[in-house]
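In this note's numbering, the protein residues as written are 72 to 650.
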């Protein structure tokens with residue numbers, strides 16, 4: 072695999088320069104594949120060597136490049152060495168390249184390909200808490216929560232695949248003044264019968280009614296405040312109704328998560344930390360961090376000069392807690408319970424200031440682990456609609472994605488017969504949603520486009536799934552061919568070499584993804600792999616080829632299909648094998 076070649080090149084560099092070979096590993100990278108153009112396999116960055124003090128930072132960089140390249144020798148692994156512009160290019164022996172890259176696929180799929188790379192030694196492994204999705208209870212799952220759900224799922228999958236113990240947490244919005252309104256509203260407008268028949272729809276209708284009423288009814292607003300105060304004081308009737316709403320919501324949400332292929336280890340919520348909230352307020356007072364404003368609200372001064380130019384409100388004037396107060400309590404509880412090495416919050420970018428203040432307050436309270444807490448933010452989706460108009464609920468989006476995909480599959484002449492076309496259409500439709508979402512930087516807003524998203528051609532989730540299904544079909548059609556052994560010297564065509572060179576980059580792409588938690592690196596790698604597989608599928612027939620050639624080509628397709636499936640799963644996409 073890539074680490075074998077990287078290490079062999081580093082060993083020669085170490086001997087030549089009298090340096091430890093390990094220092095050269097970060098400066099060696101696999102060269103991206105360009106269509107119709109043969110490239111080197113690895114390149115060494117001379118700039119990085121200068122920056123790291125391994126070469127003098129002064130002097131002519133090109134002269135340094137050529138001097139070092141001249142000192143290096145070809146061997147059984149590296150068959151060509153050439154100086155480029157501030158880089159040294161290395162071409163690997165093509166037979167050895169095929170042998171080492173495809174070695175792990177002797178028995179078919181290999182879920183660990185690329186994951187044991189020495190590149191990951193510098194990554195800290197440990198316990199990672201990922202908080203994502205986090206919808207509000209007593210409401211149907213809004214389409215706006217889709218991004219947090221799929222981005223958080225990708226981060227959790229990535230961290231787990233790289234050896235972390237991951238705790239997937241859904242921190243439900245299950246506390247706050249809105250439950251005062253809902254409690255009062257349900258007592259006035261609600262029906263236990265309707266709650267059984269269509270629970271979240273009924274609660275949604277009640278919430279809309281009570282909000283409309285509260286806009287011009289002061290008594291309703293006061294009653295809502297009183298109901299929430301009863302909740303915070305754990306009065307039985309209020310807590311019982313609230314618990315019923317919460318249980319119903321979690322049960323309904325689990326169905327949506329199952330469709331998305333998402334699961335959680337913990338369903339937490341703001342309500343879990345009520346007792347700790349009072350302790351947090353007391354600690355803030357004892358540490359002299361809690362101030363009371365003229366309006367009677369409790370605030371923490373976050374200004375550098377101590378002049379209240381920046382502050383965070385942690386208590387209402389009536390003494391009830393706020394979202395940030397409960398987040399402080401939750402973070403402290405999690406630190407004590409899980410002893411995490413890092414905690415990642417996944418929410419939209421409008422909450423950036425909230426998390427900045429949260430981490431500041433935790434630091435001010437003396438919690439040094441606050442610097443291991445991170446906020447991964449994302450932009451908004453614009454124009455998400457179904458045929459019936461504006462989308463409110465995620466179920467509508469998932470249903471439409473599946474229905475549109477099923478229609479496209481029925482219209483296509485290449486669609487294969489399958490046991491459950493509706494299930495396949497749903498999985499491919501969800502893949503299309505995820506790929507459209509992950510193509511750009513997470514912080515960017517993007518425009519939702521049904522037609523582009525569901526195209527079979529181009530860089531889409533449909534193309535990703537189609538390529539995987541196509542290669543699975545090829546493997547099934549040739550299951551009589553034994554690929555446990557193969558002759559790597561028979562994979563000399565440019566389309567074979569291009570796939571092998573591209574697979575060299577897999578561990579680097581995962582490393583880059585782990586650094587910035589952006590799914591676009593892995594997605595773009597997989598889409599490029601699909602294009603290379605499509606070319607190889609056209610140019611390298613298995614059927615009708617001599618036995619040894621067929622074995623070698625099928626091994627190549629097995630290996631690339633396995634890496635494609637592994638990468639898709641990290642992204643949160645369930646591969647389909649027929650389409």
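Glycine included, C-beta positions come from ideal geometry on N, C-alpha and C.
Every unbroken stretch of the alpha helix (DSSP H) spanning 4 or more residues and falling wholly within the segment 309-375 is given here in chain order: 345-357.
Residue 231 has its alpha-carbon roughly 27 Å from the corresponding atom of residue 94. Under a 10 Å Cβ-count criterion, residue 639 is classified as buried, with 16 or more other Cβ atoms of the shown protein chains found around its own Cβ. Taking residue 185 as reference, the option from 161, 229, 165 with the minimal CA-CA separation is 229.
Taking all protein chains in view, the Cβ of residue 379 is surrounded by fewer than 16 other Cβ atoms within 10 Å, so the residue is classified as exposed. Residue 250 and residue 302 do touch by the CB rule: their CB atoms are close to 6 Å apart, below 8 Å.
Distance from the CA of residue 219 to the CA of residue 352, rounded to the nearest whole angstrom, comes to 30 Å.
Its Cα nearest to that of residue 199, the residue 443 stands out among 273, 443, 314, 470. Taken through DSSP and simplified to helix, strand or coil, residue 143 comes out as coil. Counting C-beta pairs closer than 8 Å gives three or more between the segment 197-215 and the segment 242-261, which meets the contact rule.
Where residue 446 is concerned, the enclosing beta strand (DSSP E) starts and stops at 444-449.
In this structure, residue 162 lies away from residue 227, with their beta-carbon atoms at least 8 Å apart. Rounded to whole angstroms, residue 427 and residue 582 show a C-alpha spacing of 26 Å. Straight through space, the alpha carbons of residue 445 and residue 557 are spaced by roughly 47 Å. Between residue 562 and residue 172, the alpha-carbon positions lie close to 12 Å from each other. The C-beta distance from residue 512 to residue 589 rounds to 7 Å, short enough to meet the 8 Å contact threshold. DSSP, read as helix, strand or coil, puts residue 524 in helix.
Membership of residue 549 in any beta strand (DSSP E) is not indicated, and neither H nor E is assigned to it by DSSP. With the rule of 3 Cβ pairs closer than 8 Å, the segment 264-275 does not count as touching the segment 358-374.
Note: residue 419 is bridge-paired with 449 in the DSSP secondary-structure output. Listed as beta-bridge partners of residue 198 by DSSP are 236. Along the length of the segment 107-165, whole beta strand (DSSP E) runs at least 3 residues long occupy 113-116, 149-154, 158-163, reported in chain order.
Looking at 627, 122, 564, 392, the one whose alpha-carbon comes closest to that of residue 181 is 627. Sequence-distant partners of residue 542 (beyond 5 residues in either direction) whose C-beta falls short of 6 Å from its own C-beta, in its chain, are 628, 632. When C-beta atoms of the segment 609-623 are compared with those of the segment 494-507, fewer than three pairs fall below 8 Å, so the two segments do not count as touching. In the structure shown, the three-state DSSP call for residue 634 is helix. Looking at the DSSP output, residue 384 bridges to 370. At the C-beta level, residue 202 and residue 417 come within 8 Å of one another.
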